[in-house]
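According to the numbering used here, the residues represented by the sequence shown are 1 to 440, in order. Don't be surprised by glycine CBs; every beta carbon is placed ideally from N, CA and C. Since the structure comes first, as structure tokens, the remarks are kept for the end.
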Amino acid sequence: MRRSLIRSNRHHKKALQKLPLGVSSNFRYWGKDKTIYIDHAKGSRLWDIDGNEYVDYRMGYGPGILGYADPRVDEAARKGMEIGGVFALSTELELEVAERISKMVPAAELVRFSNSGTEAVMAALRLARAHSGKDSHIIVEGGYHGIFDSVLWYADIEEWKPGTDDPPIEAEGEGIPKLLKKLVHFTPLNDANYLEDLLKRHHQDIGAFLIEPIMGNCCSITATQEYVHAAQELCEKYNVVMIVDEVKTGFRVAKGGVQELMGFKADLCTFAKAIGNGYPISVVAGREDIMRRIGDGVFHGGTYTCHSVALAAAAKTLEILDETDALETIANYGATLQTGLSEILSARDIPHCFVGHTSMGGLIFNDQPPDNYRDWFNSDYSFYDTMAPELHDLGVLCEPDSREPLFICEAHAKDDSLSHTLKAFEQAVDVTIEKIKHQA
Ligand code: PLP
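Take a look at the structure:
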């Protein structure tokens with residue numbers, strides 16, 4: 001490592017004494033000498049406590065859609081602070097924001113707010129169970145939907161031979177009740193026959209199909225439009241509620257999210273990251289008949305839902321996303337970045353492609369985009385894994401794990417972050433080539 005992380009390392013040792021792994025989310029732990037602590041952030045840039053500056057392509061895993069500390073949103077949030085916080089009562093602004101969401105996302109006939117993506121998906125699953133009268137659900141392999149027990153499972157491709165049975169299902173760690181296992185089924189993305197077969201076998205128990213059509217936690221591997229439409233038909237046929245998890249794609253890949261891009265309406269959909277430009281707020285929304293179950297048998301709420309600061313930030317963020325060309329700026333920056341990265345890689349004959357939407361593109365070191373998680377799992381992602389720490393040293397922050405796409409915000413364009421990024425990328429690629437040569 002070339003940059004100094006002396007203060008971060010020192011702080012990490014201290015933090016370990018009070019905080020498990022020294023952080024407040026397992027994903028923020030990058031190893032004992034690589035875990036970074038942030039001093040502050042502005043626009044597309046982060047500064048760590050050692051004074052290292054980074055152009056950030058993680059953007060908090062998506063929330064920073066406009067950029068860190070956006071003055072327009074922060075001004076609105078300050079006004080929200082004056083309103084008083086939470087009152088165990090509602091305010092008029094909730095309706096205004098809900099109306100904006102319905103306007104931008106036609107599937108969002110009715111809207112309920114929560115604080116995090118996890119809470120929104122939890123609510124969607126509960127609604128789906130109540131509506132369908134069935135307790136099990138399907139998750140797409142490689143998908144991530146939050147930190148609650150019903151979704152913290154994975155299909156163990158490693159322990160599975162293609163062509164035999166379905167892959168075994170394992171919990172993502174300890175403490176997850178084993179009895180929930182029988183409620184979870186997995187299906188690979190983009191294989192409607194597999195899904196149909198699964199539903200034929202288990203439709204009596206399956207009440208929900210949970211899908212993120214651009215897999216923001218799996219290189220942005222993307223469902224085909226045909227697959228999404230076929231899945232929708234199958235869900236209708238077998239009385240399964242289709243939940244489209246737009247926690248990452250919502251208000252990012254288009255004003256109306258992935259549903260607008262792919263031309264369909266989910267039964268239920270969930271949103272979080274981009275809504276408040278980083279202020280904690282999320283949404284479960286969808287078909288009126290399903291959403292009306294809230295208050296008619298289905299429990300939903302929370303002390304902190306619609307905190308006046310987060311709600312005011314959401315009102316302003318959505319106004320900007322709806323009424324300005326911010327999303328176009330973001331998509332264009334992403335496209336220019338991809339062109340630049342591609343030129344560098346092609347000049348060195350390194351096979352690669354980009355997957356997903358340019359606002360959250362996955363970089364794959366293969367000339368064929370993966371169709372599903374199984375494809376990614378069987379691919380060689382060692383180039384990315386070796387390159388990521390080099391980029392960090394050169395002041396470009398991407399996720400160490402290649403499954404996380406490159407998140408773009410409006411400030412990347414405003415801050416003119418492109419030339420620094422491309423210069424760093426070129427250097428990182430050359431160092432990576434040398435390193436891999438020496439390893440061989
Ligand atoms: N759903 C998706 C698609 C996500 O990407 C995430 C988080 O990354 C979640 C749900 C959970 O959101 P949160 O971390 O806000 O609980």
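Between Trp153 and Glu170, the gap from beta carbon to beta carbon is short of 9 Å. Remark: the C-beta of Ser24 is outside contact range of ligand 1, defined as less than 8 Å to any heavy atom. Apart from the 5 residues on each side of it in sequence, Tyr54 sits with its Cβ closer than 6 Å to the Cβ of Leu46, Gly395 and Leu397 in its chain, given in chain order.
Using a cutoff of 8 Å, the CB of Ala272 counts as near ligand 1, since one of the ligand's heavy atoms is closer than that.
Look at Glu196: its beta carbon is at least 8 Å from all of the heavy atoms in ligand 1. Counted as a single uninterrupted DSSP element, the alpha helix (DSSP H) harbouring Thr432 occupies residues Leu418 to Gln439. For Phe271, the enclosing beta strand (DSSP E) has its first and last residue at Leu268 to Phe271. The beta carbon of Ala41 sits closer than 6 Å to the beta carbons of Tyr68 from its chain, once the five residues preceding and following it are set aside; these are given in chain order.
Counting along the chain, His412 sits inside the alpha helix (DSSP H) bounded by residues Glu410 to Lys414.
Under the three-state reduction of DSSP output, His352 falls in the coil class, being neither helix nor strand. For the 9 Å CB-CB criterion, Ser402 and Gly362 form a contact. Ranked by Cα distance from Ile281, the first of Gly256, Val247 and Ile139 is Val247.
Residue side-chain check: Ser116 places its Cβ nearer than 8 Å to a non-hydrogen atom of ligand 1. Of Glu109, Gly80, Glu404 and Gly143, the smallest CA-CA separation from Gly256 is found for Glu109.
Ile65 carries a coil assignment under DSSP once its states are collapsed to helix, strand and coil. Set against 8 Å, the gap from the CB of Glu119 to the closest heavy atom of ligand 1 is smaller. For Trp376, the enclosing alpha helix (DSSP H) has its first and last residue at Tyr373 to Phe377. Shortest Cα-Cα distance from Ala128 to any of Arg293, Leu345 and Phe354 involves Arg293.
Between the alpha carbons of Gln225 and Asp56 lies a gap of roughly 31 Å.
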